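Student: Structure below; questions to follow.
Here it is in structure tokens:
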């Protein structure tokens, strides 16, 4: 079913709906990385269409799903900065710095 949806996604104007469905299916199947990738595609789509509120909703879902993934924090910081929400942007950048610091520590320990 996912293969069919991916084919539909490439050939339809309803990419946002297909990406959303693929993300939900992936999440239900425990494929968090697959879900995050579909959500990232959806965020790109919304940002290209200047649908920032929709992008924010998806990014917040990504953070809920995988709080230590840097991708949504990076996009959130950029959106907040573009909106002049400096405190929120700085908070996201601090989270990003913490995530990368932890990864570096894990690399050193591993």
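In my numbering, the protein residues as written are 21 to 130. Think of the CB as a built atom: it goes at the ideal place given N, C-alpha and C, for glycine as much as any other residue. Being a predicted model, the structure only gives us computed values, none of them experimental.
Span of the alpha helix (DSSP H) holding residue 103?
Tutor: Where residue 103 is concerned, there is no enclosing alpha helix (DSSP H), given that its DSSP letter is neither H nor E.
Student: May I ask which residues mark the beginning and end of the alpha helix (DSSP H) holding residue 48?
Tutor: 35-48
Student: Write down every uninterrupted run of the alpha helix (DSSP H) in the region 59-129 whose length is 4 residues or greater and which is fully enclosed by it, in chain order.
Tutor: 72-85, 90-102, 106-129
Student: Output yes or no for whether 7 Å exceeds the beta carbon distance between residue 58 and residue 42.
Tutor: yes
Student: Rounded to a whole number of angstroms, what is the C-alpha to C-alpha distance between residue 54 and residue 106?
Tutor: 31 Å
Student: Are the CB atoms of residue 8 and residue 112 nearer to each other than 7 Å?
Tutor: Outside the displayed range of the chain (21 to 130) lies residue 8, so it cannot be described from this structure.
Student: If you draw a straight line from the alpha carbon of residue 38 to that of residue 66, how long is it in whole angstroms?
Tutor: 13 Å
Student: Would you mind sorting residue 81 into buried or exposed? The rule is 16 or more other CB atoms within 10 Å of its CB.
Tutor: buried
Student: For residue 87 and residue 118, what's the separation of their Cα atoms in angstroms?
Tutor: 11 Å
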